[in-house]
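Engineer: Residue numbers (this note's numbering), protein chains in the order written: chain A, 1 to 136; chain B, 137 to 272.
All C-beta atoms, glycine included, are put in the ideal place defined by N, C-alpha and C.
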DNA sequence: ATCTCACTTTAGAACCGTTCTAAACAGGCG
DNA sequence: CGCCTGTTTAGAACGGTTCTAAAGTGAGAT
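(1) Using a cut-off of 9 Å between C-beta atoms, extract the partners of residue 190 of chain B located in chain A.
(2) State yes or no: is the C-beta of residue 15 of chain A within less than 8 Å of the C-beta of residue 54 of chain A?
(3) Ordered along the chain, which non-local residues of its own chain (more than five positions away) have a Cβ less than 8 Å from that of residue 65 of chain A?
(4) With the cut-off set at 8 Å, would you say residue 341 of chain B and residue 160 of chain B are in Cβ contact?
(5) My assumption, with CB atoms under 8 Å, is that residue 144 of chain B sits in contact with residue 80 of chain A. Please give the rounded CB distance.
(6) Between residue 184 of chain B and chain A, is the shortest Cβ-Cβ distance under 8 Å, so that the two count as touching?
(7) Could you tell me if residue 146 of chain B is buried or exposed, where buried requires 16 or more neighbouring beta carbons within 10 angstroms of its beta carbon?
(8) Could you tell me the boundaries of the beta strand (DSSP E) in which residue 234 of chain B lies?
(9) Over what stretch of residues does the beta strand (DSSP E) that includes residue 243 of chain B continue unbroken?
(10) Spatial neighbours of residue 123 of chain A within its chain, please: C-beta separation below 6 Å, excluding the five flanking residues on both sides.
(11) So, are the CB atoms of residue 101 of chain A and residue 111 of chain A less than 8 Å apart?
(12) Are the C-beta of residue 220 of chain B and some C-beta of chain A separated by less than 8 Å?
(13) Rounded to the nearest angstrom, what separates residue 174 of chain B and residue 138 of chain B at their Cα positions?
(14) Enumerate in chain order the residues of its own chain whose CB-to-CB distance from residue 59 of chain A is below 6 Å, with the five nearest sequence positions on each side excluded.
(15) If you measure beta-carbon to beta-carbon, which residues of the segment 11 to 29 of chain A are closer than 8 Å to chain B?
(16) Output yes if chain B places a C-beta closer than 8 Å to the C-beta of residue 42 of chain A; else output no.
(17) Are the CB atoms of residue 242 of chain B and residue 129 of chain A within a distance shorter than 8 Å?
(18) Tell me the DSSP bridge mates of residue 151 of chain B?
(19) May I have the straight-line CA-CA distance separating residue 83 of chain A from residue 41 of chain A, to the nearest angstrom?
(20) Can you pull the chain B neighbours of residue 2 of chain A, defined as C-beta to C-beta under 8 Å?
(21) Starting from the Cα of residue 268 of chain B, find the closest Cα among A:114, A:126, A:33, A:34 and give me that residue.
(22) Excluding the 5 residues preceding and the 5 following residue 139 of chain A in the sequence, name in chain order all residues of the same chain whose CB lies nearer than 8 Å to its CB.
Set out below in structure tokens:
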């Protein structure tokens, strides 16, 4: 099982080290969507001398190498939207700009049938590039 | 037009003040999804003596009163997810826990047909409460 | 017009999550 | 051994946000 983790690191081009293995052992197995700080405190239980910077470095490295994802809508600071009606969001990966997408232009099915969850609200978050307006 | 804004504040139970009107004038009209800091610098152009704390207070008040939304997936710190396959997310509003939702269990249509956007990736972000597992 | 009370605003400190910096460390190889 | 490259470390710095304590404002009562 430790070998699996080691293999995962090597497969993604991450040079292994004791600290990186310790981080990987927790973060690749959990379903908790932990924050970096949570990773730090969990890993420190079994590896008390690890530093905060190493955990941050390691997590960022893992994301860069594709071992992890860091799903986030905004990436840091809160944004405000005066459009209080239901709508979706499109994030332009080039500029970072966020655009509202009308509710009707995307159709989402099966949400109500979701096993185990009572969904009271949802939205589609899209990423991509804004297309230059075409001559119609 | 200033009256519209005043009316919006009053309709939502926000006691008006010069500063709140200045913030509202910008943030209720824009489509820019500004951060709080951007609001601060824009408003300060026409209202140089406003303080940062007032802008933050005002924006939070507006969100609380339903004049604005602050759409965010995580609400601050980055979370990490070892599931690198495509999937959706469900956020439990009670506990804040984030759950993965299998890609197949929700169907999204019309994304490709979206006028003006080349969508390279998307996910559905759901909110609600996790239902107690039913006896089947 | 003055007093008062509740609310708002202010500047700056504090806070929290994250990144940076500079130095120490580890290990493979000449 | 000594070097080189990459890794880890502690702590400082940073950026966005919230807190604090004091000052300001305004509507109603007198």
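Structural biologist: Let's see:
(1) As a first step, residue 190 of chain B is located in the second chain; it is residue number 54 there, counting from the start. Under a criterion of Cβ atoms nearer than 9 Å, no residue of chain A is adjacent to residue 190 of chain B; the nearest Cβ is some 15 Å distant.
(2) Position 15 of the first chain holds residue 15 of chain A. Position 54 of the first chain holds residue 54 of chain A. Their beta carbons are not under 8 Å apart, which means residue 15 of chain A does not touch residue 54 of chain A by this criterion.
(3) Position 65 of the first chain holds residue 65 of chain A. Excluding sequence neighbours, residue 65 of chain A sits near 12, 13, 14.
(4) Coverage of chain B is limited to positions 137 through 272, which leaves residue 341 of chain B absent and any answer about it impossible.
(5) Residue 144 of chain B sits at position 8 when you count from the first residue of the second chain. Residue 80 of chain A sits at position 80 when you count from the first residue of the first chain. Rounded, the Cβ-Cβ distance is 14 Å, inconsistent with contact.
(6) For this step, residue 184 of chain B is matched to residue 48 along the second chain. Closer than 8 Å: no.
(7) Indexing the second chain from 1 puts residue 146 of chain B at position 10. Under this definition residue 146 of chain B is an exposed residue.
(8) By one-based count along the second chain, residue 234 of chain B stands at place 98. That run of the beta strand (DSSP E) goes 234 to 238.
(9) To locate residue 243 of chain B, count along the second chain from 1; it is residue 107. Run containing residue 243 of chain B: 243 to 245, per the beta strand (DSSP E) assignment.
(10) In the first chain, residue 123 of chain A corresponds to position 123, counting from 1. Hits under 6 Å: 88.
(11) By 1-based counting over the first chain, the position of residue 101 of chain A is 101. By 1-based counting over the first chain, the position of residue 111 of chain A is 111. No.
(12) As a first step, residue 220 of chain B must be located in the second chain, where it is residue number 84. At least one chain A Cβ lies under 8 Å of residue 220 of chain B.
(13) Working through the second chain from its first residue, we reach residue 174 of chain B at position 38. Working through the second chain from its first residue, we reach residue 138 of chain B at position 2. Each residue's Cα considered, the two are about 21 Å apart.
(14) Here residue 59 of chain A refers to the residue found at position 59 when the first chain is read from its first residue. Closer than 6 Å at Cβ, skipping near neighbours: 36.
(15) 27, 28, 29
(16) Position 42 of the first chain, counting from 1, holds the residue named residue 42 of chain A. Answer no: the Cβ-Cβ gap between residue 42 of chain A and chain B never drops below 8 Å.
(17) Here residue 129 of chain A refers to the residue found at position 129 of the first chain. Here residue 242 of chain B refers to the residue found at position 106 of the second chain. It is not a contact, given that the beta carbons lie outside the stated cut-off.
(18) What you label residue 151 of chain B is simply residue 15 of the second chain in a count that begins at 1. DSSP, once it has assigned bridges, lists no residue as partnering residue 151 of chain B.
(19) Position 83 of the first chain holds residue 83 of chain A. Position 41 of the first chain holds residue 41 of chain A. Their Cα atoms are separated by approximately 39 Å.
(20) By 1-based counting over the first chain, the position of residue 2 of chain A is 2. Ordered by position in chain B, no residue passes the 8 Å Cβ test against residue 2 of chain A, which lies about 16 Å from the chain.
(21) In the second chain, the residue the question calls residue 268 of chain B occupies position 132. When C-alpha distances from residue 268 of chain B are compared across A:114, A:126, A:33, A:34, the shortest belongs to A:114.
(22) Given that chain A is displayed from residue 1 to residue 136, the structure contains no residue 139 of chain A and the question cannot be resolved.
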